[in-house]
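Asker:
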Amino acid sequence: MKIAKVIGNLVASIKTPSHENFKMMVVVPTDLEGKESGESFLAIDMAQAGIGDYVLVMEEGNGARQITGRKDGAIDAVIVGVIDYVETGGIQRSLG
């Protein structure tokens, strides 16, 4: 899994049946301090995330398909949680 920040929405009026009824978001990976650390990618939102939220992303095809219940879909990334804070070394901090 990865920590990422939601930076946008993807709207597609026509899509394959495996992607129907899913909200798709543009996310960018971040480090534990909220600094961008990679290229942006698309993820299906299963956690009601919004733009600006830091999220937990499952980026593995089989696990992502299990979470969405779409066993035959071309799905490889799913937002599975919205992050409130990160705690490391006994220190709790917000991202960003």
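Residue numbers for the sequence shown follow the numbering used here, beginning at 381 and rising by one. Where a beta carbon is used, it is the ideal one built from N, C-alpha and C, also for glycine.
Look at the Cβ atom of valine 435, then the Cβ atom of isoleucine 455, and state whether they are nearer than 8 Å.
Answerer: It is not a contact, given that the beta carbons lie outside the stated cut-off.
Asker: Give a yes or no on contact between the segment 389-405 and the segment 462-474, applying the rule of three or more CB pairs nearer than 8 Å.
Answerer: Flag = no, the segment 389-405 and the segment 462-474 do not touch.
Asker: Between lysine 382 and proline 409, which are expected to be in contact by the criterion C-beta below 8 Å, what is the C-beta distance as a whole number of angstroms?
Answerer: Right, their Cβ atoms sit about 5 Å apart.
Asker: Which value, in whole angstroms, describes the spacing of the CA atoms of arginine 473 and arginine 445?
Answerer: Near 32 Å, if we compare the C-alpha coordinates of arginine 445 and arginine 473.
Asker: Closest by CA to serine 398, which one among Val462, Val386, Gly453?
Answerer: Checking every option, the nearest Cα to that of serine 398 belongs to Gly453.
Asker: Give me the residue from Met426, Asp464, Leu422, Gly443 with the minimum Cα distance to valine 391.
Answerer: Nearest option by C-alpha distance: Leu422.
Asker: Would serine 417 and valine 407 qualify as a contact pair, given that the criterion is a beta-carbon distance under 8 Å?
Answerer: It is not a contact, given that the beta carbons lie outside the stated cut-off.
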